[in-house]
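Here the protein sequences line up with chains D and A, keeping their order. According to the working numbering, the first sequence is numbered sequentially starting from 1. According to the working numbering, the second sequence is numbered sequentially starting from 306. Heads up, the beta-carbon is just placed ideally off N, CA and C, and yes, glycines get one too. Note that this is a predicted model, so its numbers are computed, not measured. Worksheet for the structure shown next.
There are 2 protein chains.
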Amino acid sequence: MTGSPTNSFEEALESRAQAVETALARLLEQRPLDGEIARPARLLDAMRHGVLAGGKRLRPFLVMESAALFDADGEAVLRVAAALECVHCYSLIHDDLPSMDNDDIRRGKPTVHRAFDEATAILAGDALLTYAFDILADGATGLPAATRLDLVLGLARAAGIGGMVGGQMLDLDAVRVRPGEAGIVTLQAMKTGALIRYACEAGAVAGRANAADRERLAEFGSAVGLAFQLADDLLDVTGDAAQMGKATGKDHGAGKATLVALHGQDWARRQLRGLTHQARTLLEPFGKKASLLVEAASFIAERRR
Amino acid sequence: MTGSPTNSFEEALESRAQAVETALARLLEQRPLDGEIARPARLLDAMRHGVLAGGKRLRPFLVMESAALFDADGEAVLRVAAALECVHCYSLIHDDLPSMDNDDIRRGKPTVHRAFDEATAILAGDALLTYAFDILADGATGLPAATRLDLVLGLARAAGIGGMVGGQMLDLDAVRVRPGEAGIVTLQAMKTGALIRYACEAGAVAGRANAADRERLAEFGSAVGLAFQLADDLLDVTGDAAQMGKATGKDHGAGKATLVALHGQDWARRQLRGLTHQARTLLEPFGKKASLLVEAASFIAERRR
Chain D
1 MTGSPTNSFE EALESRAQAV ETALARLLEQ RPLDGEIARP ARLLDAMRHG VLAGGKRLRP
61 FLVMESAALF DADGEAVLRV AAALECVHCY SLIHDDLPSM DNDDIRRGKP TVHRAFDEAT
121 AILAGDALLT YAFDILADGA TGLPAATRLD LVLGLARAAG IGGMVGGQML DLDAVRVRPG
181 EAGIVTLQAM KTGALIRYAC EAGAVAGRAN AADRERLAEF GSAVGLAFQL ADDLLDVTGD
241 AAQMGKATGK DHGAGKATLV ALHGQDWARR QLRGLTHQAR TLLEPFGKKA SLLVEAASFI
301 AERRR
Chain A
306 MTGSPTNSFE EALESRAQAV ETALARLLEQ RPLDGEIARP ARLLDAMRHG VLAGGKRLRP
366 FLVMESAALF DADGEAVLRV AAALECVHCY SLIHDDLPSM DNDDIRRGKP TVHRAFDEAT
426 AILAGDALLT YAFDILADGA TGLPAATRLD LVLGLARAAG IGGMVGGQML DLDAVRVRPG
486 EAGIVTLQAM KTGALIRYAC EAGAVAGRAN AADRERLAEF GSAVGLAFQL ADDLLDVTGD
546 AAQMGKATGK DHGAGKATLV ALHGQDWARR QLRGLTHQAR TLLEPFGKKA SLLVEAASFI
606 AERRR
């Protein structure tokens, strides 16, 4: 061990990202599965464009490291991680559409509707969302039926009307509605928080953790989700587009309400330190086994892009 | 019993439609489920607009009558039917979007993106698709975990890249690619056939049918799906917009390839008779119990709107 803790964390992040990238590429091969009639090439290409685009793969990392606390099976965990990433990437494809955020660039590449067209981007998102449930439910995931079902239900609830999609609706309405602090907290807990929370919980489910540990991981995920959003809002004010690989200052420019806009940058940085501490405390029972997850929380709170 | 068989069929269709409408209205109430943070009113309104819009509810009918062959539990079947209808309605909402079919009217009412806006319509579709898996996976469905998981996987595969969404992609490409007969058959089997086939199969699954009966119902569903599409293509040539509650002649006008365009109306009517006969033959082992399903096949083949 010669690297600093931070280097070994970044190496782990990179290595998990490669593992999930390989799993996603395999899941998005041309050959149809049992019961599929055909996989239209253009749709598959658009799905790949939206998914196999690199990125930090934070949600898969959280799934994998949470699962590792409970010595979960590697292949099962990789599929759960891939399913969550499909949902995350579908949400990016739809959020980027002209009628939503109207973004041309994502991770330094043209967005799916720019590389293909709007209809194809909508369908690619639809197909990725659907496929996420397929991946979890498939026997190839190797977990007992009740566990796979648990994962399906949790993902549906984290991603649906009462979670991510609902949060995106609130976000689109925010310019008009101008939510107060409580409204912003709800919006963010739904739009970005729910899926990050679920990534950590799903790792515990895949590892067949007991109820208390599962709840502990979910709470850890909530703290990480809050930190992620605060750091994002800070970056929107302080970051630059080249580092981010996407447009910045958009929320700030649009006068969109964020907690950073309400309370200022210093408050946000204090909050982030508190959340990092809370995340670390939650994982103390797992000892050294949880060190990568604890570092992930700090990395997310302190990230510069 | 004073009505003709057809009248009693239409009464049964209407009564099942009302039952599923009630179930859908209950599923789309404002109160969040466990694990949902909140249900944003605007998103919920758009989902309701797209779902609680009447219609024949053919897919739910097929689920319910297929399940009735195996004396399945009523509440479970209603939820399975509602989940399939959520998927069907999401697909209509997305298909109607300006970048797809650009339709302003659906079932005589403004389409969701006309009544709300494009972004809200996209999100309402996303939320309905996600919710379908929630409904199936939820313990409230009352079926054993393995059965619910089976339903989830089947729906994902029928609705996803190798089924309905893939078929919509092929359909959008059809004007450019001009598929031949084999291509049209694949397109239609995916775009409309897969979900109709699955409606019948899902009824058998909910009724915990044996493998042979399940396959028989799936084949019946395939025949019904083919008949549905052929009848639709005929109506596009012969129907009028007031009867249909939507624009007609669009496919024909766009020079879109259909089997009716390839082989003519007389051929199509002969095919429809053959499919109705095939459907009836497949259900012979179930005797009188299957009479409503047999009538449904005829109704779909002969429908005028």
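Report, in whole angstroms, the separation of the C-beta atoms of residue i and residue j, which I expect to be a contact under 8 Å.
i, j, result
"A/Arg384", "D/Ile161", "Not a contact, Cβ separation roughly 17 Å."
"A/Cys505", "A/Val482", "At roughly 30 Å, the Cβ-Cβ gap does not stay under 8 Å, so A/Cys505 and A/Val482 are not in contact."
"D/Ser66", "D/Leu282", "So it is not a contact: roughly 11 Å between Cβ atoms."
"D/Thr192", "D/Phe228", "6 Å"
"A/Leu367", "A/Gly508", "7 Å"
"A/Arg387", "A/Leu477", "The sequence shown places Ala at residue 387 of chain A, not Arg. About 28 Å; that fails the 8 Å criterion."
"D/Arg169", "A/Leu428", "Checking the sequence shown, residue 169 of chain D turns out to be Met, not Arg. Correct: roughly 5 Å between the Cβ atoms."
"D/Ala159", "A/Thr435", "5 Å"
"D/Cys86", "D/Val51", "7 Å"
"D/Arg361", "D/Arg57", "Because chain D is modelled from 1 through 305, residue 361 of chain D falls outside the range shown and cannot be assessed."
"D/His49", "A/Asp431", "Not quite, the Cβ-Cβ distance comes to about 19 Å (not below 8 Å), so this is no contact."
Which residues share a DSSP beta bridge with residue i?
i, result
"A/Arg411", "A/Lys414"
Using a cut-off of 7 Å between C-beta atoms, extract the partners of residue i located in chain D.
i, result
"A/Gln473", "Leu123"
"A/Pro345", "Gly166, Met169 and Leu170"
"A/Ala464", "Thr130"
Residues of chain A with a CB under 8 Å from the CB of residue i: which are they?
i, result
"D/Ser306", "In the structure as shown, chain D starts at 1 and stops at 305, and residue 306 of chain D therefore has no counterpart that could be examined."
"D/Val165", "Leu348, Leu428, Asp431, Ala432 and Thr435"
"D/Ser99", "Asp422, Glu423, Ala424 and Ile427"
"D/Ala145", "Ala450, Ala451 and Leu454"
"D/Ala156", "Thr435, Tyr436, Phe438, Asp439 and Ala442"
Residues of chain A with CB closer than 7 Å to the CB of residue i, please, in chain order.
i, result
"D/Leu153", "Asp439, Ala442 and Asp443"
"D/Pro92", "A small correction: the amino acid at residue 92 of chain D is Leu; Pro does not occupy that position in the sequence shown. Those within 7 Å of D/Leu92 in chain A number zero; the least Cβ separation is about 13 Å."
"D/Arg148", "Leu454"
Which chain D residues sit within Cβ distance under 8 Å of residue i?
i, result
"A/Thr425", "Met169 and Leu172"
"A/Pro489", "This sequence places Ile at residue 489 of chain A; Pro is not what is there. In chain order: nothing, as chain D lies at least about 13 Å away."
"A/Arg364", "What A/Arg364 touches in chain D: nothing, since even the nearest Cβ is about 16 Å away."
Among the options, which one has its Cα closest to the Cα of residue i?
i, options, result
"A/Leu349", "A/Asp518, A/Arg336, A/Asp541 and A/Ala523", "A/Arg336"
"D/Val237", "D/Ala121, D/Ser222 and D/Lys256", "D/Lys256"
"D/Arg208", "D/Leu143, D/His263 and D/Gly239", "D/Leu143"
"A/Ala317", "A/Ala601, A/Gly379, A/Arg608 and A/Glu607", "A/Ala601"
"D/Gly287", "D/Glu36, D/Ala68 and D/Asp138", "D/Ala68"
"A/Met369", "A/Leu402, A/Phe421 and A/Val510", "A/Val510"
"A/Asp455", "A/Ala499, A/Glu524, A/Phe438 and A/Glu380", "A/Phe438"
"A/Asp378", "A/Thr452, A/Val392, A/Ala464 and A/Val457", "A/Thr452"
"D/Gly139", "D/Leu123, D/Glu75, D/Val112 and D/Glu14", "D/Glu75"
"D/Arg157", "D/Ala194, D/Ile184 and D/Gly180", "D/Ala194"
"A/Arg364", "A/Leu539, A/Leu580, A/Val325 and A/Ser603", "A/Val325"
"D/Glu215", "D/Tyr90, D/Gly163 and D/Ala279", "D/Ala279"
"D/Thr186", "A/Phe314, A/Ala328 and A/Glu341", "A/Glu341"
"A/Ala479", "A/Tyr503, A/Met405, A/Ser313 and A/Ile501", "A/Met405"
"A/Pro484", "A/Leu460, A/Ala523, A/Leu433 and A/Ala566", "A/Ala566"
"D/Ile135", "D/Ala290, D/Ala119 and D/Val152", "D/Val152"
"A/Ile605", "A/Leu397, A/Ala536, A/Gly359 and A/Asp408", "A/Ala536"
"A/Glu423", "A/Leu402, A/Leu433 and A/Glu607", "A/Leu402"
"A/Leu389", "A/Arg419, A/Asn312, A/Ala328 and A/Asp538", "A/Ala328"
"D/Ser8", "D/Asp71, D/Ser291 and D/Gly55", "D/Ser291"
"D/Thr141", "D/Leu235, D/Val77, D/Arg273 and D/Glu29", "D/Val77"
"A/Cys394", "A/Ala358, A/Asp376 and A/Asp408", "A/Ala358"
"A/Gly526", "A/Tyr503, A/Leu460, A/Glu334 and A/Pro590", "A/Tyr503"
"D/Ala268", "D/Ala137, D/Leu226, D/Pro285 and D/Gly154", "D/Leu226"
At a CB-CB cut-off below 9 Å, which residues of chain D make contact with residue i?
i, result
"A/Ile342", "Gly162, Gly163, Gly166, Gly167, Thr186, Ala189, Met190, Gly193 and Ala194"
"A/Arg519", "Going along chain D, no residue has its Cβ under 9 Å from A/Arg519, so there is no contact; the nearest lies around 12 Å."
For residue i, return the contacting residues in chain A, with the cut-off set at a CB-CB distance below 9 Å.
i, result
"D/Ala206", "Here the premise fails: no neighbours, minimum Cβ distance about 15 Å."
Tell me, please, whether the CB atom of residue i is closer than 8 Å to any CB atom in chain C?
i, result
"D/Ala209", "Of the protein chains in the structure, D and A, none is chain C."
Quiz item: Listed from N- to C-terminal order along the chain, which residues in the region 408 to 421 of chain A have their beta-carbon within a distance smaller than 8 Å of any beta-carbon of chain D?
Solution: Listed by position, the residues of the region 408 to 421 of chain A near chain D (Cβ gap below 8 Å) amount to none.
Practice problem: Give, in chain order, every residue of the region 373 to 394 of chain A whose Cβ lies closer than 8 Å to some Cβ of chain D. | Solution: If you check each beta-carbon in the region 373 to 394 of chain A against every beta-carbon of chain D, none falls closer than 8 Å.
Practice problem: Could you list the residues in the region 329 to 340 of chain A with a C-beta less than 7 Å from some C-beta on chain D, going in chain order? | Solution: Of all residues in the region 329 to 340 of chain A, only Pro337, Leu338 and Gly340 place a beta-carbon less than 7 Å from a beta-carbon of chain D.
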